[in-house]
Amino acid sequence: MTDGFRRFAGTDSYLTSPGLQAAVNCALALERPLLVKGEPGTGKTLLAEAIAQALGARLLSWTVKSTTRAQDGLYVYDTVQRLYDSRFGDGDVRDIRRYIRFGPLGEAFRSEERVVLLIDEVDKADLEFPNDLLHELDRMRFRILETNEEVEAKARPVVVVTSNNEKELPDAFLRRCVFHFIDFPDRALMERIVRVHHPRLDDSLAQQALDIFYQLRDLTRLRKRPSTSELVDWLAVLKSAGVKELKLDEALPFIGALLKREQDLLVFHESLSRGRRPHA
Amino acid sequence: MGAGPTPEGRVPVFFGFLYELRNRKVPVGTQEAVALARALELGLHDSSLDGFYDVARALLVHSEAHLDAFDQAFLSHFKGIETEGSAMLAELLGWLEAAAARDPADRTDEEEAVLEALEPEALRALYEQRMRDRARRGRDGDGRAEAKEPVRQGTGPQGESGGAAEGDGGQRGAMRTADARLYRGYRDDRVLDTRSLGVALRKLRAFQRLGAFDELDLEGTIDATARNAGELEVILRPERKPSTRVLLLMDVGGSMSPHAHLVNRLFSAARKATHFRELRTYYFHNCVYGAVYRTEGFGEPLGVTELLAECGPHWKLVLVGDALMAPYELLMRAGGHGGYSPEGVEGIVWMMQLAQHFERSAWLNPEPPGSWWSPTIRTLRGVFSMFPLTVEGLGEAVCHLTKGGVRKGPVVSR
Chain A
6 MTDGFRRFAG TDSYLTSPGL QAAVNCALAL ERPLLVKGEP GTGKTLLAEA IAQALGARLL
66 SWTVKSTTRA QDGLYVYDTV QRLYDSRFGD GDVRDIRRYI RFGPLGEAFR SEERVVLLID
126 EVDKADLEFP NDLLHELDRM RFRILETNEE VEAKARPVVV VTSNNEKELP DAFLRRCVFH
186 FIDFPDRALM ERIVRVHHPR LDDSLAQQAL DIFYQLRDLT RLRKRPSTSE LVDWLAVLKS
246 AGVKELKLDE ALPFIGALLK REQDLLVFHE SLSRGRRPHA
Chain B
8 MGAGPTPEGR VPVFFGFLYE LRNRKVPVGT QEAVALARAL ELGLHDSSLD GFYDVARALL
68 VHSEAHLDAF DQAFLSHFKG IETEGSAMLA ELLGWLEAAA ARDPADRTDE EEAVLEALEP
128 EALRALYEQR MRDRARRGRD GDGRAEAKEP VRQGTGPQGE SGGAAEGDGG QRGAMRTADA
188 RLYRGYRDDR VLDTRSLGVA LRKLRAFQRL GAFDELDLEG TIDATARNAG ELEVILRPER
248 KPSTRVLLLM DVGGSMSPHA HLVNRLFSAA RKATHFRELR TYYFHNCVYG AVYRTEGFGE
308 PLGVTELLAE CGPHWKLVLV GDALMAPYEL LMRAGGHGGY SPEGVEGIVW MMQLAQHFER
368 SAWLNPEPPG SWWSPTIRTL RGVFSMFPLT VEGLGEAVCH LTKGGVRKGP VVSR
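Taken in order, these protein sequences are the chains called A and B. Going by the numbering used here, the first sequence opens with residue 6, and the numbers climb by one from there. Going by the numbering used here, the second sequence opens with residue 8, and the numbers climb by one from there.
See the structure below:
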């Protein structure tokens, strides 16, 4: 009785937990947006790519910025261009449709086949932004006021929304979403993730790197704890530099790939020198 | 699989769970109930408790702050269901074996039919397997034990609803996931870190169009162009800029020392907030007496009169302090420069002046609200609206500050 849709179970390069699979499948079956939160670097954005890959659908990304308005996602009516064209007589200015530029959400609705729409970092925009999208995401249709045309989704897109928690999202928006909080991977899962990204990685190096990585994450005073993507990057650097042995000390190679803040580097050195002053 | 359990059998179970969640302040309503019912109808939970845990969590919880409450509600509502299931199985087994042991001639038709369908050996195997699983699940840490149960389609004790569904999901142990309470750290009624403080403060913002005319006013341009008989006339307007001004007064020293780290976090969050047009911070000890201080060590005093002259009524006043002191400290008289002076006014009157001057003010208290019965806290609560210094409390305080201009507190008249 669940044949109505293909169940999502991760892809070769994207490993999931049962909780995440349940959330994705709920979103697919109930045709609701999936809201994904979690620490930076836990693969929120990649999830959308994985879903698109698993469904064999096209992925449309809408990266939200602080200045993004909900309307931008639907369409923009380029009045200024039309005004200029009317002055300088370029093309047919009577045809308003030439000046309607569709945004990612508009594109997703207009697409003939089902697409995956990623609304990335929704919390970057103004507080009211998610509310402005409610109606469109619910009804999957909108009206172009200028031409009085109705755009209706031919195939409801799979909407994945990510948030870094910089702002709280409005309740009305949250109620319509399926929610999943991506946990930080435990060691066993992290090992599998590392294997996926670096299949030919030396085993002892991987173990040492993971040890150090989790020890670093346990430093409570860090402002920004290193996350998955940093670990993967770090391993890539270590591999290409031909490092074989790792030891958690002040001379840890390429620490900059893991800790990005100056204060965190200071904390790192302080906690390792254990009260000894670092060499001046 | 078939139609699944009947709605009559299922609805009360998860309805009770919804109310359990509401009791724990997880905001679930009709919309969530309908979504969950639909998901269960579609069989997304694979007819297993673990599947139900995952599906319910995805649909009922909207914020990681509620994940912990969800786990707790799940535990208290469903604890024992696994045990009950096993107990029922054991009872059934006993009954079957008793029936099987009897002379076939003594059995009723009903018993005969059940015995034919169920085979006590298979049932016993299932029961023992179940018990072993439970023992192992209790023992090993990760709960990933791969155990398959010999479930028969159709007539087995689980056949009606389950089929093979229990097979893979069952061993992960929703109960234990819930029991581990991994999300305790995300609760929002806990005291805060800088980041959640920053998030809460972000709500305290308002915009005004100020400064240079450098943004295209599209409406205005169209309007002016039309009036200009089609000749393009571009209208510019100033950009939207933040207009909130915040005055932060912090109690330091004495009984506030244990809360110093917390106040520091609030301070750094406020400093980092870029959406304030202006932010000023001053310090005081216990109660404001005529002056506030620019440094934590009570250096560079600024008289309250000057402060009020510099900061207009539209500034948002935020006081941070435990409001705990000896009652006489509220009544100590002080002059306009902070020092003790018999001709001055009492500390509490200085406080009232602050409350009177600003349209909006809030007091954030790091002491838990349970201890707010102390006389000095009660007195100051009469002057300022007081909120606990937690994420929730700060959110409420910010909400209070952004509302219209209502002054609180009794009028100072002497």
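Even glycine gets a Cβ: it sits at the ideal position worked out from N, Cα and C. Treat the numbers as computed from the prediction; the structure is a model and nothing was measured.
When DSSP states are grouped into helix, strand and coil, residue 187 of chain A belongs to the strand group. Contact note: residue 38 of chain B reaches chain A through 180, using a C-beta cutoff of 7 Å and chain order. DSSP, reduced to helix, strand and coil, places residue 321 of chain B outside both helices and strands of the structure shown, so it counts as coil.
Collapsing the DSSP output to three states places residue 19 of chain A in coil.
Within chain B, not a single residue places a beta-carbon under 7 Å from that of residue 45 of chain A; the smallest gap is close to 12 Å.
Counting only the Cα atoms, residue 25 of chain A lies some 15 Å from residue 35 of chain A. Residue 93 of chain A: member of the alpha helix (DSSP H) spanning 84-93, first to last residue. Spanning the alpha carbons of residue 269 of chain A and residue 278 of chain A requires a straight line of approximately 14 Å. The three-state reading of DSSP puts residue 310 of chain B in strand, counting E and B together. Contact between residue 294 of chain B and residue 354 of chain B holds: CB atoms are separated by about 4 Å, below the 8 Å threshold.
For residue 164 of chain A and residue 404 of chain B, the gap between their C-alpha atoms comes out near 34 Å. Contact annotation: in the stretch 73-95 of chain A, residues whose CB is within less than 8 Å of a CB in chain B are 84, 85, 88, 89, 91 and 92. Chain A places a beta carbon closer than 9 Å to that of residue 229 of chain B, counting this residue as a contact.
Distance from the CA of residue 263 of chain B to the CA of residue 330 of chain B, rounded to the nearest whole angstrom, comes to 9 Å. Judged by DSSP in its simplified three-state form, residue 141 of chain A adopts helix. For residue 36 of chain B, no beta strand (DSSP E) encloses it, and the DSSP letter there is neither H nor E. Shown here for residue 231 of chain B: same chain residues with a beta carbon closer than 7 Å to its own, the five before and five after excluded, namely 240 and 242 in chain order. Taken through DSSP and simplified to helix, strand or coil, residue 67 of chain A comes out as strand. Contact annotation: residue 31 of chain B and residue 76 of chain B have beta-carbon atoms nearer than 9 Å.
9 Å or more divides the Cβ of residue 362 of chain B from the Cβ of residue 323 of chain B. Bridge partners of residue 125 of chain A according to DSSP: A/68.
One alpha carbon belongs to residue 220 of chain B, the other to residue 89 of chain A, and they sit about 21 Å apart. Residue pairing by DSSP leaves residue 252 of chain A without any beta bridge partner.
Nearest C-alpha to residue 248 of chain A among A/206, A/177 and A/125: A/206. Nearest CB-CB separation between residue 134 of chain A and chain B: not below the 9 Å threshold. Around the CB of residue 384 of chain B, 16 or more other CB atoms lie within 10 Å, so the residue is classed as buried. Closer than 9 Å to the CB of residue 24 of chain A there is at least one CB belonging to chain B. Listed along the chain, the chain A residues whose CB falls inside 9 Å of the CB of residue 44 of chain B amount to none; the nearest CB is some 11 Å away. In the DSSP secondary-structure assignment, residue 294 of chain B is bridged to B/292. A distance below 6 Å between beta-carbons, with the five flanking residues on each side excluded, links residue 367 of chain B to the following residues of its chain, in chain order: 323 and 408.
Nearest CB-CB separation between residue 239 of chain B and chain A: below the 9 Å threshold. Under DSSP, the beta-bridge partners assigned to residue 81 of chain A are A/106.
Contact between the stretch 73-81 of chain A and the stretch 105-118 of chain A is established, with three or more Cβ pairs separated by less than 8 Å.
Taking 9 Å as the upper bound on Cβ-Cβ separation, chain A lies near no residue of the stretch 106-118 of chain B. Contact annotation: residue 42 of chain A and residue 217 of chain A have beta-carbon atoms that are not nearer than 9 Å. With a cut-off of 8 Å on Cβ pairs, the stretch 61-75 of chain A is in contact with the stretch 118-135 of chain A, counting three or more such pairs.
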